[in-house]
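Chemist: Residue numbers (full-length UniProt numbering): 1 to 350. Cβ atoms here follow ideal geometry from the backbone N, Cα and C, with glycine treated the same way. All values derive from a computational prediction rather than experimental measurement.
(1) Taking residue 293 as the reference, which of 327, 253 and 79 has the closest Cα?
(2) Is it the case that the Cβ atoms of residue 349 and residue 260 are separated by a distance below 7 Å?
(3) Does the beta-carbon of residue 298 have 16 or more other beta-carbons within 10 angstroms, so that it is buried, or is it exposed?
(4) For residue 138 versus residue 126, is the C-beta spacing smaller than 7 Å?
(5) I'd like to check one pair, residue 284 with residue 311: are the Cβ atoms closer than 7 Å?
(6) Which runs of the alpha helix (DSSP H), 4 residues or longer, sit entirely within the stretch 189-239?
(7) With a threshold of 16 other CB atoms inside 10 Å of the CB of residue 338, please say whether the residue is buried or exposed.
(8) Return yes when the Cβ of residue 200 is within less than 7 Å of the Cβ of residue 121, no when it is not.
(9) Can you grab the Cα-Cα spacing for the pair residue 157 / residue 66, in whole Å?
(10) In the structure shown, what three-state DSSP assignment does residue 150 receive?
(11) If you run the structure through DSSP and keep just helix, strand and coil, what is residue 330?
(12) Expressed to the nearest angstrom, what Euclidean distance is found between the alpha-carbon atoms of residue 305 and residue 240?
(13) Using only the alpha-carbon positions, how far apart do residue 11 and residue 113 sit?
(14) Quick one: give me the first and last residue of the alpha helix (DSSP H) that residue 117 is part of.
(15) Pull up the DSSP beta-bridge partners for residue 114, would you.
(16) When you compare the CB positions of residue 224 and residue 233, do they come within less than 7 Å of one another, or not?
(17) Based on Cα-Cα distance, which residue from 211, 116, 24 and 48 lies nearest to residue 35?
(18) Which word fits residue 235, buried or exposed, when buried means at least 16 other C-beta atoms lie within 10 angstroms of its C-beta?
(19) Give the single residue among 344, 19, 288 and 93 whose Cα lies nearest to the Cα of residue 375.
(20) Quick one: what's got a C-beta closer than 6 Å to residue 107's C-beta in the same chain, skipping five residues either side?
(21) Determine which residues share a DSSP beta bridge with residue 129 and list them.
(22) Measuring alpha carbon to alpha carbon, tell me which of 238, 202 and 175 ends up nearest residue 288.
(23) Which first and last residues belong to the beta strand (DSSP E) in which residue 179 is found?
(24) Could you check if residue 272 is buried or exposed, using at least 16 other CB atoms within 10 Å of its CB as the buried criterion?
(25) Measure the C-alpha to C-alpha separation of residue 103 and residue 92 and round it to an integer number of angstroms.
(26) Which residues in the same chain as residue 178 place their Cβ atom closer than 6 Å to its Cβ, once the five residues preceding and following it in sequence are excluded?
(27) Report the three-state DSSP secondary structure of residue 11 (helix, strand or coil).
(28) Which two residues bound the contiguous beta strand (DSSP E) that contains residue 55?
(29) Answer with buried or exposed for residue 109, where buried requires no fewer than 16 other C-beta atoms within 10 angstroms of its C-beta.
(30) Look at the alpha carbon of residue 345 and the alpha carbon of residue 265, and state the distance between them as a whole number of angstroms.
(31) Are there any heavy atoms of the ligand SAH lying less than 6 Å away from the beta-carbon of residue 12, as far as the coordinates show?
(32) Classify residue 228: buried if its beta carbon has 16 or more other beta carbons within 10 angstroms, exposed otherwise.
(33) How is the alpha helix (DSSP H) around residue 40 delimited, first residue to last?
(34) Note down, in chain order, each residue of its chain lying with its Cβ closer than 8 Å to the Cβ of residue 192, except the 5 sequence neighbours on either side.
(35) Identify whether residue 186 lies in helix, strand or coil by the three-state DSSP scheme.
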């Protein structure tokens with residue numbers, strides 16, 4: 001796994017954070033919403049103009065057509081196998097840029113500079129890259145690690161409030177996975193009440209949780225599946241929400257996914273561990289509400305969610321492999337659940 005650097009005012013000194021002398025050319029992939037000042041700081045650090053590839057913003061752009069435009073620009077600018085692609089932006093840029101780099105000329109190096117809180121705790125690390133395909137989130141992709149990840153908390157100052165809060169869907173999920181200490185800390189205040197130093201602590205906490213898991217299981221063959229808690233439901237409703245005119249942000253979908261899947265965990269064992277399971281589901285819902293994240297969805301049918309889940313890339317032989325919480329700090333993987341219980345759990349948020 002590449003080096004991960006977290007701190008303040010890192011863009012203006014990025015040239016000294018890594019050895020860039022081995023690269024023949026450096027290009028920056030970003031989107032139209034990223035402030036020009038971010039690129040200016042990076043170019044000032046290198047003391048030269050960089051090749052810029054600017055794409056339209058939003059999840060709707062995370063597709064093969066956009067990747068083709070990125071590849072074309074990379075060829076037009078003369079990038080070769082010794083070139084570097086810097087992904088400067090949120091999760092869409094990091095996911096798609098990693099995929100474009102990992103497939104260009106059979107793979108070139110890339111560096112992630114995630115600029116949203118969600119991408120700083122999730123998409124910017126872990127080595128998963130990809131694009132959406134026929135309404136399947138991240139349906140096409142590869143595993144490829146960046147040479148490093150630079151997380152500059154100064155970039156969060158321009159982040160819209162809704163996107164900032166959305167990140168706490170993933171952050172709370174990390175708390176459920178890791179244990180009581182981190183869960184209690186990240187749920188102790190409303191998102192906007194954390195100061196910058198506390199945010200750095202949260203980012204470092206989530207990065208450590210995810211990176212430690214990824215190091216042990218880079219290809220998601222076992223342990224890494226705990227990170228899929230909330231994502232089976234979350235990815236399904238996120239994809240389906242694109243058709244409603246009111247698309248959910250990823251962290252919002254993850255929050256709803258946590259509520260459904262913690263309820264599903266209770267339904268699996270309602271007698272033996274009902275007190276523990278009800279308490280767990282209640283704690284998670286309380287954390288989601290406290291963060292200002294959604295707990296319900298509208299305009300999406302339960303049967304459509306189930307159909308979408310069955311096409312999830314994490315499934316094998318038509319079987320849904322669930323990652324369900326047993327308690328704060330313990331998530332069981334490869335759990336098989338009857339579809340009738342899944343539908344019952346889904347109806348709790350519709």
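Modeler: The short version:
(1) Indexing the chain shown from 1 puts residue 293 at position 293. The residue from 327, 253 and 79 with its alpha-carbon nearest to that of residue 293 is 253.
(2) By one-based count along the chain shown, residue 349 stands at place 349. By one-based count along the chain shown, residue 260 stands at place 260. Closer than 7 Å, so yes.
(3) Start at 1 with the first residue of the chain shown, and residue 298 comes out as number 298. Exposed, because fewer than 16 other Cβ atoms sit within 10 Å of the Cβ of residue 298.
(4) Locating residue 138 in the chain shown gives position 138, counting from the first residue. Locating residue 126 in the chain shown gives position 126, counting from the first residue. No, the Cβ-Cβ distance between residue 138 and residue 126 is not below 7 Å.
(5) For the purposes of this step, residue 311 is taken as the residue at position 311 of the chain shown. For the purposes of this step, residue 284 is taken as the residue at position 284 of the chain shown. No.
(6) Those alpha helix (DSSP H) runs which fall completely within the stretch 189-239 and span 4+ residues are 196-216.
(7) As a working mapping, residue 338 is identified with position 338 in the chain shown. With fewer than 16 other Cβ atoms within 10 Å, it is exposed.
(8) The residue given as residue 121 occupies position 121 in the chain shown. The residue given as residue 200 occupies position 200 in the chain shown. Cβ atoms of residue 121 and residue 200: not closer than 7 Å.
(9) Stepping through the chain shown from its first residue, residue 157 is reached at position 157. Stepping through the chain shown from its first residue, residue 66 is reached at position 66. Each residue's alpha carbon lies about 28 Å from the other.
(10) Reading the chain shown from its first residue, position 150 is the one you call residue 150. It is a strand residue.
(11) Translated into the one-based positions of the chain shown, residue 330 becomes position 330. Of the three classes helix, strand and coil, the one that applies to residue 330 here is strand, per DSSP.
(12) Here residue 305 is taken as the residue at index 305 of the chain shown, counted from 1. Here residue 240 is taken as the residue at index 240 of the chain shown, counted from 1. C-alpha separation (whole angstroms): 8 Å.
(13) To locate residue 11, count along the chain shown from 1; it is residue 11. To locate residue 113, count along the chain shown from 1; it is residue 113. Their backbone Cα atoms lie some 9 Å apart in a straight line.
(14) Reading the chain shown from its first residue, position 117 is the one you call residue 117. It spans 117-121 - the alpha helix (DSSP H) in which residue 117 sits, taken as one unbroken run.
(15) By one-based count along the chain shown, residue 114 stands at place 114. For residue 114, the beta-bridge partners assigned by DSSP are 89.
(16) Numbered from 1 along the chain shown, position 224 holds the residue referred to as residue 224. Numbered from 1 along the chain shown, position 233 holds the residue referred to as residue 233. Residue 224 places its beta carbon 7 Å or farther from that of residue 233.
(17) Indexing the chain shown from 1 puts residue 35 at position 35. For residue 35, the nearest C-alpha among the options comes from 116.
(18) Along the chain shown, read from residue 1 onward, the residue named residue 235 stands at position 235. With 16 or more other Cβ atoms within 10 Å, it is buried.
(19) Because the chain in this structure spans residues 1 to 350, residue 375 falls outside the shown range and cannot be described.
(20) Counting from 1 along the chain shown, the entry for residue 107 is found at position 107. So no residue of the chain qualifies.
(21) Here residue 129 refers to the residue found at position 129 of the chain shown. Note: residue 129 sits in a beta bridge opposite 142.
(22) Along the chain shown, read from residue 1 onward, the residue named residue 288 stands at position 288. Considering only 238, 202 and 175, the residue with the shortest C-alpha distance to residue 288 is 175.
(23) Translated into positions along the chain shown, residue 179 becomes position 179. Following the DSSP letters along the chain, one finds residue 179 in no beta strand (DSSP E), marked with neither H nor E.
(24) Here residue 272 corresponds to residue number 272 of the chain shown, with the count starting at 1. At residue 272 the pLDDT is 46, less than 50, meaning the model places this residue with poor confidence and gives no usable figure here.
(25) By 1-based counting over the chain shown, the position of residue 103 is 103. By 1-based counting over the chain shown, the position of residue 92 is 92. Taking the straight line joining both Cα atoms gives about 17 Å.
(26) If you number the chain shown from 1, residue 178 lands on position 178. Hits under 6 Å: 209.
(27) Translated into the one-based positions of the chain shown, residue 11 becomes position 11. For residue 11, the secondary structure class from DSSP, reduced to helix, strand or coil, is helix.
(28) Taking the chain shown and counting its residues from 1, the one referred to as residue 55 is at position 55. Unbroken beta strand (DSSP E) run through residue 55: 51-55.
(29) Here residue 109 refers to the residue found at position 109 of the chain shown. Residue 109 comes out buried.
(30) Here residue 345 corresponds to residue number 345 of the chain shown, with the count starting at 1. Here residue 265 corresponds to residue number 265 of the chain shown, with the count starting at 1. Spanning the two alpha carbons is a distance of roughly 9 Å.
(31) Absent from the structure shown: the ligand SAH. Ligands present: none.
(32) On the chain shown, position 228 is the one that residue 228 refers to. Residue 228 is buried by the Cβ-count criterion.
(33) As a working note, residue 40 is residue 40 in the chain shown. Segment 36-46, the alpha helix (DSSP H) holding residue 40.
(34) Residue mapping note: residue 192 aligns to position 192 of the chain shown, counting from 1. Excluding the 5 residues flanking it on each side, residue 192 has same chain C-beta neighbours closer than 8 Å at 161, 164 and 165, in chain order.
(35) Along the chain shown, one-based indexing puts residue 186 at 186. Correct three-state label for residue 186: helix.
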